[in-house]
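FYI, in the working numbering the residues of the sequence shown are 689 to 886.
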Amino acid sequence: MSSIDFYWEPGSPYTYLAATQIGALARETGTTVHWKSFLLGKVFQARKMTLPAAIPAKASYMFKDLARWSALYDVPFSMPKVFPVNSMLASRAGTAAAQQGQGEAAALALLGAYWGRGEDISQPEIVHAALDAAGLDGAALMAATQTDAVKDVVRSNTEAAMDLGIFGAPTMVYQGELFWGNDRLDVLKAVIQGRIKA
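1. Sort Arg872, Ile854, Pro764 by Cα distance to Lys724 and report the nearest one.
2. Between Met776 and Leu727, which are expected to be in contact by the criterion C-beta below 8 Å, what is the C-beta distance as a whole number of angstroms?
3. Quick one: is Glu813 buried, meaning 16 or more other Cβ sit within 10 Å of its Cβ, or exposed?
4. Going along the chain, which unbroken runs of the alpha helix (DSSP H) with 4 or more residues stay wholly within the stretch 828-863?
5. Might you give, ordered along the chain, the residues of its own chain that have their beta carbon closer than 6 Å to the beta carbon of Ala818, omitting 5 neighbours on each side?
6. Is the beta carbon of Val773 closer than 8 Å to that of Ile809?
7. With Phe867 as the anchor, note down where its beta strand (DSSP E) starts and where it stops.
8. Looking only at its own chain, which residues have a Cβ that is under 7 Å from the Cβ of Lys769, when we skip the five neighbours before and after it?
9. If I follow the unbroken alpha helix (DSSP H) through Lys752, where does it start and stop?
10. Contact defined as beta carbons within less than 8 Å: I believe Trp696 pairs with Ala857. What is the distance between those atoms, to the nearest angstrom?
11. Mapping DSSP to helix, strand and coil, what is Ile692?
12. Have a look at Thr708 and Asp871 and give me their C-alpha separation to the nearest angstrom.
13. Measure the Cβ-Cβ separation of Arg780 and Val875 and say whether it is below 8 Å.
14. List the endpoints of the continuous alpha helix (DSSP H) containing Lys877.
15. Is Val731 helix, strand or coil by DSSP?
16. Relative to the C-alpha of Phe694, which candidate in Gln881, Ala759, Ala848 has its C-alpha closest?
17. In or out: Glu792 buried (at least 16 other Cβ within 10 Å) or exposed?
18. Assuming contact is defined by CB atoms lying nearer than 8 Å, are Ala786 and Thr833 in contact in what I supplied?
19. Do you know how far the Cα of Ala878 is from the Cα of Leu884?
20. Judging by CA-CA distance, which residue of Phe867, Val861, Met767 is the nearest neighbour of Ser748?
21. Is the separation between the beta-carbon of Ala778 and that of Leu824 shorter than 8 Å?
So this is what it looks like as structure tokens:
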């Protein structure tokens with residue numbers, strides 16, 4: 689079975705949107721998803737990039753665009769009071785869950801807490817509660833976030849993202865090709881189904 693590497697960043701609103709759809713796409717196309725949480729801020733620093741929201745005109749458009757996409761997908765959206773957010777803990781929690789085969793559940797829980805309800809996912813109690821609410825073992829996953837094994841994977845995912853040429857989130861990697869952004873899901877689907885060339 690072919691697979692999609694889904695590089696996701698908890699602090700990215702378009703990651704939230706794409707994460708709500710990628711599971712259905714995978715089921716429809718007979719692919720599996722590998723959930724790879726990484727630190728987009730580190731990528732931005734390395735590439736000397738700025739946050740899109742730092743540009744007033746782009747930020748104004750982005751907020752309207754996010755409202756449109758969330759309405760189209762019928763998912764809740766709430767602009768967090770804390771933005772940008774320190775996503776290190778959430779990235780580690782997502783990674784710990786992915787190591788146990790629970791990457792999708794954790795990603796949706798954490799992204800939903802931040803972008804669906806506007807909660808501050810830099811706070812341990814918020815992350816713990818979101819994981820518990822998703823039926824995961826929040827205590828065990830929180831403990832795992834402090835282990836070198838999890839920290840090393842987040843670091844290696846971030847390094848791999850840079851090596852692949854990733855510059856934003858979400859980025860889906862399929863058979864070595866990059867598909868950046870929530871609005872590339874239909875293109876990715878068409879490539880997987882062989883309707884267009886990568």
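Backbone N, C-alpha and C define an ideal beta-carbon position, used for all residues, glycine too.
Inspection of the coordinates gives the following:
1. Ile854
2. 7 Å
3. The Cβ neighbour count for Glu813, taken over all protein chains shown within 10 Å, is under 16; the residue is labelled exposed.
4. 836-852
5. Ala797, Leu798, Ala801
6. yes
7. Taken as a continuous stretch (DSSP letters only), the beta strand (DSSP E) holding Phe867 covers 865-868.
8. Gly806
9. 744-761
10. 6 Å
11. strand
12. Answer to the nearest angstrom: the Cα atoms are 13 Å apart.
13. no
14. 873-880
15. helix
16. Ala848
17. buried
18. Remark: C-beta atoms of Ala786 and Thr833 do not approach each other more closely than 8 Å.
19. Leu is not the amino acid found at residue 884; the sequence shown has Ile there. Cα to Cα, Ile884 sits roughly 6 Å from Ala878.
20. Met767
21. no
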